[in-house]
DNA sequence: CTCTAAACTGTAATCGTTTACAGTTTGCCT
DNA sequence: AGGCAAACTGTAAACGATTACAGTTTAGAG
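Chains as they are written, first to last, in this note's numbering: chain B, 77 to 415; chain U, 77 to 415.
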């Protein structure tokens with residue numbers, strides 16, 4: 077492989093100045109004859125402009141950084157795909173940065189964006205401590221946050237009203253005749269956990285169904301293993317006629333547990349998940365789930381970010397996306413009307 | 077937010093030269109007194125070295141590019157996590173580039189790596205045409221390929237002998253007494269499809285079991301929907317006492333289909349998947365699966381790449397990783413011995 | 001106290017682009 | 001033809017770091 081071509085070599089080859097070469101590469105305000113010579117030289121030398129040099133000069137990297145706690149989660153993956161779909165036909169590349177865990181790690185990571193390797197940031201913190209809020213606020217890159225915007229954080233935001241999603245789910249269960257509804261949730265220390273918990277309380281009150289602390293289960297996290305472990309210890313779940321799970325993975329664990337005790341899901345008991353991941357149609361019975369529009373949120377976040385980059389001074393915007401209930405086999409009329 | 081600090085500002089602030097500042101940032105061969113002054117200035121100004129300038133000068137971007145056909149596939153996601161786990165404590169950032177589909181798109185994408193925005197490339201093409209092979213060979217960045225290495229392509233390679241995986245699966249089925257084994261595969265036009273098909277043929281011959289063309293099913297792709305569609309048309313699957321699926325998603329579709337026809341999976345019929353994704357333990361019955369060690373492959377690929385970057389001239393290496401069979405409920409003794 | 005080698009520091013060139021500014025060419029109108 | 005504006009082109013200075021090289025300081029030995 078030959079020495080990598082530079083713009084100067086192209087210029088010499090084409091018998092024009094470097095400025096002209098640069099101009100035909102971008103913008104192109106050149107006489108056709110010049111342009112042709114330059115293009116020929118570029119083709120011949122296989123020239124590719126060096127992105128670092130360009131980045132240095134024009135002060136933009138053409139990169140967008142994505143920072144999630146956990147790319148492993150299907151919902152985040154779907155968000156990523158949404159983002160990718162809008163970035164795909166822009167100049168921007170996507171750079172990944174699964175900055176898990178600790179506030180400190182996140183803080184460091186956000187700091188290092190100061191190095192200017194990204195023109196924009198899409199972030200979705202799963203918890204929100206004051207330190208994280210401060211770190212976000214001190215950012216100089218255009219940022220959009222997906223999820224619950226912490227107090228006093230001034231960045232663009234796309235969020236879903238998951239409480240409304242819970243409400244949809246509860247209303248549906250009520251409608252098919254369920255009276256005794258349990259909630260299987262992740263930890264209250266997370267944003268989603270807290271909001272969904274509150275949503276459940278409100279929704280139950282709204283439809284005037286009774287519940288108490290014992291009908292709310294907390295798994296150690298949002299995985300199906302967590303649900304499984306939880307239900308191996310606490311075997312009271314079958315007393316309900318419906319189980320609302322705050323994501324699909326938890327629901328999968330719940331279904332497995334119920335089935336292993338010969339409870340017929342979709343007949344003896346209804347189960348609802350959230351996220352409407354691919355998993356829903358893979359399970360048997362297929363899982364009714366609240367679609368939290370992950371892909372859509374990703375798209376909107378990306379669009380918001382692109383606008384923000386174009387126009388850094390406009391006021392932060394906030395977009396809500398509406399959840400949708402997708403009804404499948406795991407919530408069946410019979411389940412509620414049985415008794 | 078103040079003007080972004082440069083190394084020159086730090087130098088002035090600390091009363092030393094830019095060279096000294098640069099030296100304490102990396103390498104650090106400075107007198108303690110100097111170092112301290114510089115560090116103080118850096119802290120005070122909140123200085124972060126500009127990565128573009130550094131990249132331009134030292135000719136490395138500290139970025140690794142990942143190019144998969146389809147990040148949506150859980151197996152790729154797991155590979156990504158493996159890669160991430162080793163890159164996590166290096167200076168490298170991971171940049172994503174889901175360059176799906178056409179040879180042309182891939183070619184373009186590989187081309188654009190010439191811009192030098194990545195120091196290394198990890199690629200996993202799902203098909204291998206001569207053009208792709210040529211494009212890979214003409215690459216100037218250190219590259220490692222995960223999957224089947226096309227003929228005459230000279231890059232580092234980590235692959236899994238999926239045929240051996242199939243062999244494990246068939247042997248297991250044979251052992252629990254299955255005689256009539258069907259294969260549910262994706263399209264033969266893909267590398268995995270072709271190799272697994274061949275693996276099945278060989279394995280069946282090896283254990284001296286009969287099969288014919290009708291016992292090999294082809295889904296339009298490797299998704300569960302594809303399996304579902306396939307089995308809605310062709311209702312002959314229950315004639316077998318075991319179904320070997322070339323990935324877990326296909327297996328999920330197969331299980332759903334069988335269960336909808338009241339065939340008891342794990343009792344009337346055994347089902348095996350491949351990839352050993354999370355899905356396996358979410359399904360009911362849980363899915364026996366051939367673990368293709370996606371995370372491990374990702375780790376190895378990343379390690380190989382790091383070595384290659386360090387030592388660009390060494391001969392390409394090839395690492396095989398061994399598949400493992402993970403037995404769960406979907407292949408049960410009873411299924412084979414029933415008849 | 002002087003000398004010398006070793007350790008450190010500073011100056012300035014450089015990486016490959018973009019772009020302001022000044023200079024040149026072109027084309028059109030009279 | 002000549003004049004003028006418009007269109008294009010070239011020169012050279014950035015962008016912000018790294019680093020060769022030369023110059024300076026330091027420390028230890030005699």
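Built from N, CA and C at the ideal position, the CB exists for glycine as well. It should be emphasised that the depicted structure is a prediction, and the values quoted were computed from it without experimental measurement.
Looking only at its chain, what residues have a beta carbon closer than 6 Å to the beta carbon of residue i, apart from the 5 residues adjacent to it on each side?
{"i": "residue 90 of chain U", "result": "113, 114 and 117"}
{"i": "residue 122 of chain B", "result": "none"}
{"i": "residue 211 of chain U", "result": "183 and 186"}
{"i": "residue 352 of chain B", "result": "365, 367 and 402"}
{"i": "residue 94 of chain U", "result": "83, 84 and 87"}
{"i": "residue 384 of chain B", "result": "218 and 232"}
If I measure Cβ to Cβ from residue i and keep anything under 7 Å in the same chain, skipping five residues before and after, which residues do I get?
{"i": "residue 266 of chain U", "result": "202 and 203"}
{"i": "residue 167 of chain B", "result": "138"}
{"i": "residue 263 of chain B", "result": "269, 294, 296 and 297"}
{"i": "residue 250 of chain U", "result": "283 and 285"}
{"i": "residue 339 of chain U", "result": "314 and 345"}
{"i": "residue 379 of chain U", "result": "162"}
Quick one: what does DSSP say residue i is sitting in, helix, strand or coil?
{"i": "residue 123 of chain B", "result": "coil"}
{"i": "residue 260 of chain U", "result": "strand"}
{"i": "residue 391 of chain B", "result": "coil"}
{"i": "residue 205 of chain U", "result": "coil"}
{"i": "residue 217 of chain B", "result": "coil"}
{"i": "residue 385 of chain U", "result": "helix"}
{"i": "residue 414 of chain U", "result": "Annotation note: pLDDT 45 at residue 414 of chain U (below 50); position unreliable, no value reported."}
{"i": "residue 421 of chain B", "result": "Outside the modelled stretch of chain B, which goes from 77 to 415, sits residue 421 of chain B, for which no answer is possible."}
{"i": "residue 95 of chain U", "result": "helix"}
{"i": "residue 197 of chain U", "result": "strand"}
{"i": "residue 103 of chain U", "result": "coil"}
{"i": "residue 405 of chain B", "result": "coil"}
{"i": "residue 152 of chain U", "result": "helix"}
{"i": "residue 358 of chain B", "result": "helix"}
{"i": "residue 320 of chain B", "result": "strand"}
{"i": "residue 397 of chain B", "result": "strand"}
{"i": "residue 341 of chain U", "result": "strand"}
{"i": "residue 77 of chain U", "result": "Bear in mind that a pLDDT of 45 at residue 77 of chain U, under 50, signals an unreliable position, so the number given afterwards is only what the model happens to contain. Three-state DSSP puts residue 77 of chain U in coil, outside helix and strand."}
If I follow the unbroken beta strand (DSSP E) through residue i, where does it start and stop?
{"i": "residue 331 of chain U", "result": "From DSSP, residue 331 of chain U is part of no beta strand (DSSP E) but of the alpha helix (DSSP H) over 324 to 336."}
{"i": "residue 236 of chain B", "result": "232 to 236"}
{"i": "residue 144 of chain B", "result": "139 to 144"}
{"i": "residue 170 of chain B", "result": "169 to 172"}
{"i": "residue 348 of chain U", "result": "346 to 350"}
{"i": "residue 147 of chain U", "result": "Neither: residue 147 of chain U is in no beta strand (DSSP E) and is coded neither H nor E."}
{"i": "residue 287 of chain B", "result": "Per DSSP, residue 287 of chain B belongs to no beta strand (DSSP E) and is neither H nor E."}
Over what stretch of residues does the alpha helix (DSSP H) that includes residue i continue unbroken?
{"i": "residue 364 of chain U", "result": "Looking at the DSSP string, residue 364 of chain U is not in any alpha helix (DSSP H); the run it does join, the beta strand (DSSP E), is 364 to 367."}
{"i": "residue 188 of chain U", "result": "179 to 188"}
{"i": "residue 456 of chain B", "result": "Since the first and last residues shown for chain B are 77 and 415, residue 456 of chain B lies out of range."}
{"i": "residue 87 of chain U", "result": "83 to 90"}
{"i": "residue 300 of chain B", "result": "300 to 309"}
Which residues in the same chain have their Cβ closer than 8 Å to the Cβ of residue i, if we skip the five residues on either side of it in sequence?
{"i": "residue 136 of chain U", "result": "195"}
{"i": "residue 398 of chain U", "result": "236, 237, 240 and 369"}
{"i": "residue 147 of chain U", "result": "153, 156, 172 and 174"}
{"i": "residue 125 of chain B", "result": "83 and 101"}
{"i": "residue 404 of chain B", "result": "356, 357, 361, 362, 363, 364 and 365"}
{"i": "residue 227 of chain U", "result": "209"}
Item to complete: Please confirm if the segment 299 to 308 of chain B is in contact with the segment 327 to 334 of chain B, defined as three or more CB-CB distances below 8 Å between the two stretches.
Response: Contact between the segment 299 to 308 of chain B and the segment 327 to 334 of chain B is present: three or more C-beta pairs spanning the two stretches fall below 8 Å.
Worksheet item: Between the segment 124 to 136 of chain B and chain U, which residues of the former have a C-beta closer than 7 Å to a C-beta of the latter?
Response: The segment 124 to 136 of chain B vs chain U, Cβ under 7 Å: 124, 125, 126, 127, 128, 129, 131 and 132.
Worksheet item: Is the segment 156 to 165 of chain U touching the segment 374 to 384 of chain U in the sense that three or more CB pairs, one from each, lie closer than 8 Å?
Response: Yes, they touch.
Discussion item. Against chain B, which members of the segment 188 to 207 of chain U pass a CB distance test of less than 8 Å?
Written reply: Residues 188, 190, 191, 192 and 193.
Worksheet item: When the Cβ atoms of the segment 314 to 327 of chain B are set against those of the segment 339 to 351 of chain U, are three or more pairs found closer than 8 Å?
Response: Under the 8 Å Cβ criterion, the segment 314 to 327 of chain B does not count as touching the segment 339 to 351 of chain U, having fewer than three qualifying pairs.
Discussion item. Using a Cβ-Cβ cutoff of 8 Å, what residues of the segment 252 to 277 of chain U are near chain B? List them in chain order.
Written reply: Of all residues in the segment 252 to 277 of chain U, none places a beta-carbon less than 8 Å from a beta-carbon of chain B.
Worksheet entry | Members of the segment 145 to 171 of chain B that neighbour chain U once the beta carbon cut-off is set at 9 Å | Against chain U - using a Cβ distance shorter than 9 Å - the residues of the segment 145 to 171 of chain B are 147, 148, 150, 153, 154, 156, 157, 160, 164, 169, 170 and 171.
Discussion item. Using a Cβ-Cβ cutoff of 8 Å, what residues of the segment 320 to 332 of chain B are near chain U? List them in chain order.
Written reply: Answer in chain order: 325, 328, 329, 331 and 332.
Worksheet item: What residues in the segment 364 to 375 of chain U have a beta carbon less than 9 Å from any beta carbon of chain B?
Response: Along the segment 364 to 375 of chain U, there is no position whose C-beta sits under 9 Å from a C-beta of chain B.
Discussion item. If the cut-off is 9 Å on Cβ atoms, which residues from the segment 343 to 359 of chain U count as contacting chain B, listed in chain order?
Written reply: Residues 354, 355, 357, 358 and 359.
Item to complete: Please list the residues of the segment 285 to 300 of chain B that have a C-beta atom closer than 8 Å to any C-beta atom in chain U, keeping them in chain order.
Response: Answer set for the segment 285 to 300 of chain B: 300.
Worksheet item: Taking any Cβ of chain B, which residues in the segment 81 to 106 of chain U have a Cβ under 7 Å from it, in chain order?
Response: Of all residues in the segment 81 to 106 of chain U, none has a C-beta nearer than 7 Å to a C-beta of chain B.
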